[in-house]
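Engineer: Numbering (the working numbering), first residue to last: 18 to 542. A single structure is presented below for examination.
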């Protein structure tokens with residue numbers, strides 16, 4: 018177990034102080050929900066790009082990607098490639114559409130298209146999924162820091178939680194975005210430091226490390242056979258495509274970023290910048306895992322007995338091989354990865370709670386009251402995430418397995434709901450609810466009966482494909498069931514036509530009437 022020295026502590030303290038200072042500076046401008054949740058829609062595209070990048074890179078990425086490459090090959094990288102194909106599909110239409118169709122919540126669109134019930138359901142699915150993720154990210158961050166430094170696990174959870182809640186509570190989304198710019202820079206520095214050492218530490222240098230890795234097929238992207246029963250390249254590609262389609266069309270942490278840009282063009286440039294920053298970072302983390310494997314193979318250096326899982330090897334390497342000061346910078350990068358994701362989730366959960374629920378319950382509330390409610394929700398969600406992390410630490414990771422199972426069922430099909438709403442003129446409220454119900458049943462069946470450690474064994478009626486295909490097929494099931502069921506209900510109101518792709522294209526040409534009967538002229542992007 019590593020022991021950090023005073024210079025490492027100074028580096029980490031400087032990082033914590035910097036993000037807290039940004040929160041304080043931004044707090045002066047948080048006078049309305051417009052500033053607190055969408056940063057007055059005035060964020061430059063390059064900062065928005067850093068924000069996308071920092072939100073998508075978490076402490077899970079720092080540990081899981083190198084661990085996966087160390088234990089196997091690069092097949093876990095394949096889903097990340099799909100972000101480009103999704104971006105090409107949604108960039109030119111979905112991003113400007115959302116900027117015109119919703120105010121602050123992604124789920125406002127489902128409410129306009131299918132009624133408040135669909136809005137509440139999708140917002141609830143987002144909230145449940147991100148609550149489980151926040152607690153796990155806090156726990157994994159603290160566990161990694163504990164394994165590298167010996168610091169008390171609960172103290173790390175409380176420290177990271179307190180600082181994250183502090184700057185998010187005070188500075189709103191503006192503070193979240195500008196801290197993510199700093200955090201993104203620190204993450205890049207941490208990655209390059211690790212690569213610099215890993216390339217030249219192995220006996221024989223980088224040539225020997227790459228040659229050994231190539232001989233052992235460590236750069237493989239998985240089997241290229243088109244077999245949906247195996248977790249090969251094509252299954253991982255399908256999973257990645259639908260995962261990012263859901264992120265870019267039904268995830269508040271992403272859609273909220275569309276809304277902060279100054280115009281449509283800046284929004285697209287920011288999203289593209291963030292996606293193009295993520296791809297090389299994911300690749301570099303896989304390379305780091307492969308080089309760590311090569312180092313221990315070439316050096317013959319044994320790993321301690323307590324390093325018994327692939328995910329533990331990279332943190333051990335950092336704590337034992339990286340010089341003082343630089344190890345602290347990597348630790349700051351690890352904190353940055355975890356805290357950026359957590360801060361983004363806190364602000365987005367607050368926005369969803371205020372826009373999708375509080376406004377409904379308190380329609381006459383003033384903007385100041387909504388702002389106060391938003392701050393309170395940030396604090397409550399932050400404390401809840403810290404509590405979940407502590408429960409996991411006390412009871413073990415199995416305590417979260419049931420919650421993950423339930424959340425995976427409830428969050429299924431959101432991308433399918435968007436496809437149905439956006440592409441089908443015939444889809445209606447009754448049809449989408451049939452689709453949701455069928456999707457829930459299908460996802461529950463697939464989740465409970467898939468994998469080697471299935472919760473229910475139905476024999477030949479078990480879900481036979483890899484578990485990650487449950488989510489992929491769930492979207493397709495919702496679209497198919499919802500579209501067919503829509504023919505058994507009355508056609509949707511004529512004014513919902515403007516909320517489909519076809520209505521949007523007409524609207525861009527200035528020919529369609531908006532919901533409510535007024536003509537919406539295209540906003541110049």
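Don't be surprised by glycine CBs; every beta carbon is placed ideally from N, CA and C. Source: prediction; values computed, not measured.
(1) Could you tell me whether the Cβ atoms of residue 332 and residue 161 are closer together than 8 Å?
(2) Enumerate in chain order the residues of its own chain whose CB-to-CB distance from residue 308 is below 6 Å, with the five nearest sequence positions on each side excluded.
(3) What do you reckon, are the CB atoms on residue 256 and residue 485 nearer than 8 Å?
(4) Could you tell me whether any non-hydrogen atom of the ligand GDP is closer than 7 Å to the CB of residue 442?
(5) Report yes if the C-beta distance between residue 346 and residue 207 is below 8 Å; otherwise report no.
(6) Mapping the DSSP letters down to three states, classify residue 278 as helix, strand or coil.
(7) Taking 8 Å as the threshold, find out whether the segment 393 to 409 comes into contact with the segment 460 to 467 through three or more Cβ pairs.
(8) Around the Cβ of residue 27, are there at least 16 other Cβ atoms within 10 angstroms (buried) or fewer (exposed)?
(9) Mind reading off the beta-carbon distance from residue 187 to residue 41? Whole number of angstroms is fine, and I expect it under 8 Å.
(10) For residue 263, I'd like the list of residues in its chain whose CB is within less than 6 Å of its CB, leaving aside the five on either flank, ordered along the chain.
(11) Return the residue from the list 521, 211 and 358 that minimises the CA-CA distance to residue 303.
(12) Starting from the Cα of residue 508, find the closest Cα among 481, 441 and 467 and give me that residue.
(13) Hey, could you find the ends of the alpha helix (DSSP H) residue 7 is sitting in?
(14) Per DSSP, residue 60 forms a beta bridge with which residues?
(15) Quick check on the burial criterion: 16 or more other C-beta atoms within 10 angstroms. Buried or exposed for residue 327?
(16) Report yes or no: do the segment 271 to 289 and the segment 48 to 68 share at least 3 C-beta pairs separated by less than 8 Å?
(17) Assuming residue 544 is part of the alpha helix (DSSP H), what are its boundary residues?
(18) In three-state terms, what does DSSP make of residue 46?
(19) Among 174, 46 and 89, which one has its Cα closest to the Cα of residue 191?
(20) For the alpha helix (DSSP H) that residue 181 lies in, which residues bound it at each end?
(21) Considering just the uninterrupted stretch of the alpha helix (DSSP H) at residue 109, what are its terminal residues?
(22) Under the three-state reduction of DSSP, which class applies to residue 119: helix, strand or coil?
(23) If you run the structure through DSSP and keep just helix, strand and coil, what is residue 389?
(24) Going by CA-CA distance only, name the one from 132, 383 and 157 that's closest to residue 80.
(25) Could you give the distance in angstroms between the alpha-carbon of residue 323 and the alpha-carbon of residue 84?
(26) On the CB-based measure, 16 or more other CB atoms within 10 Å of its CB, does residue 124 come out buried or exposed?
(27) If distances are taken between C-alpha atoms only, which option among 169, 270, 522 and 177 comes closest to residue 121?
(28) Given residue 154, which residues of its chain have a CB within under 7 Å of its CB, disregarding the five upstream and five downstream residues?
(29) Let me know the secondary structure DSSP gives residue 536 once reduced to three states.
(30) I'd like to know if the segment 127 to 138 and the segment 368 to 377 are in contact, where contact means that at least 3 CB-CB pairs between them fall below 8 Å.
(31) What is the DSSP secondary structure of residue 127, reduced to helix, strand or coil?
(32) Report yes if the CB atom of residue 108 is closer than 8 Å to the CB atom of residue 288, and no otherwise.
(33) With C-beta atoms as the reference, is residue 449 less than 8 Å away from residue 131?
(34) Considering only C-alpha positions, which residue in the set 389, 510 and 513 is nearest to residue 48?
(35) Taking only runs that begin and end inside the segment 470 to 524, name each unbroken alpha helix (DSSP H) of 4 or more residues, in chain order.
(36) What is the DSSP secondary structure of residue 244, reduced to helix, strand or coil?
Structural biologist: Result, derived from the coordinates:
(1) yes
(2) 215 and 226
(3) yes
(4) Looking at this structure, you won't find the ligand GDP or any other ligand, since it has none at all.
(5) yes
(6) strand
(7) no
(8) exposed
(9) 6 Å
(10) 431 and 432
(11) 211
(12) 441
(13) Absent from the model: residue 7. The displayed extent of the chain is 18 to 542, so no value can be given.
(14) 278
(15) buried
(16) yes
(17) It is not possible to answer for residue 544, since the shown part of the chain is limited to 18 through 542.
(18) coil
(19) 46
(20) 170 to 217
(21) Here residue 109 belongs to no alpha helix (DSSP H), and DSSP marks it neither H nor E.
(22) coil
(23) helix
(24) 157
(25) 15 Å
(26) buried
(27) 270
(28) 75, 76, 77, 355, 358 and 359
(29) Bear in mind that a pLDDT of 36 at residue 536, under 50, signals an unreliable position, so the number given afterwards is only what the model happens to contain. Three-state result, residue 536: strand.
(30) yes
(31) helix
(32) yes
(33) yes
(34) 389
(35) 486 to 503
(36) coil
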